[in-house]
Amino acid sequence: MSRVATKGALGLKPEKRKAGPRTRLRSKSKKRAAYEASPAGQADLGYMGRVKQLPCAACGGPPPSDAHHCKCKPPFGAHCYKVLPIGGKSHPEDTIPLCKLCHQDGPLSFHGHRKAWVERFGPDYGFIPSTRAAVAAMLGEIDF
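The numbering of the sequence shown is the working numbering, which starts it at 113 and goes up by one.
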């Protein structure tokens, strides 16, 4: 059998492929961009911005925090969700502040080890009422 030498093996420069013009991928869908530009979308983004200014709901770490969209499913009956999360993200008013370690990066983070996180802190929707109260206090709507 004979071996066929490639250009790279002979020390020659490989030919550059001619590529057509590249198009950038949209970072947001048109529907998402229109929603975020609407008054309701601006209000939701403002709410999540205030949630990020709160300390971590799980460990009490200092702000800034991530606005975590709650994902745990409550038992049938009463719940504190504005809209139950079905499949995707929960409503922006159903977010809680979590530090990076409790949210994504830590050894027991919610997105890394959900079961262990829930065993340690309880379901994430349990923090929604206190988060809403803290945001309302931040806006001066209620006084503690």
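Here a beta-carbon is modelled for each residue, glycine too, at the ideal position from N, C-alpha and C.
- Provide the residue(s) that pair with residue 210 in DSSP beta bridges, ordered along the chain. 178
- Which stretch, first to last residue, makes up the alpha helix (DSSP H) that contains residue 156? 151-164
- Item | Classification of residue 157 by the beta-carbon crowding that lies within 10 angstroms, buried from 16 upward | exposed
- Query: Around the C-beta of residue 210, are 16 or more other C-beta atoms found within 10 angstroms, so that it is buried, or is it exposed?
  - Reply: buried
- If residue 201 sits next to residue 223, beta carbons under 8 angstroms apart, how far is it from one beta carbon to the other, in whole angstroms? That belief does not hold up - the Cβ atoms of residue 201 and residue 223 are roughly 13 angstroms apart, past 8 angstroms.
- Query: So, using beta-carbon positions, are residue 169 and residue 243 closer together than 8 angstroms?
  - Reply: yes
- Assigned exposure category for residue 249 - 16 Cβ within 10 Å defines buried: exposed
- Query: alpha helix (DSSP H) containing residue 242: first to last residue?
  - Reply: 240-250
- Using the C-alpha atoms, what's the distance from residue 239 back to residue 150? 28 angstroms
- Message: Let's see if you can read the secondary structure: which residues bound the alpha helix (DSSP H) around residue 222?
- Response: Segment: none, residue 222 is in no alpha helix (DSSP H) and carries neither H nor E.
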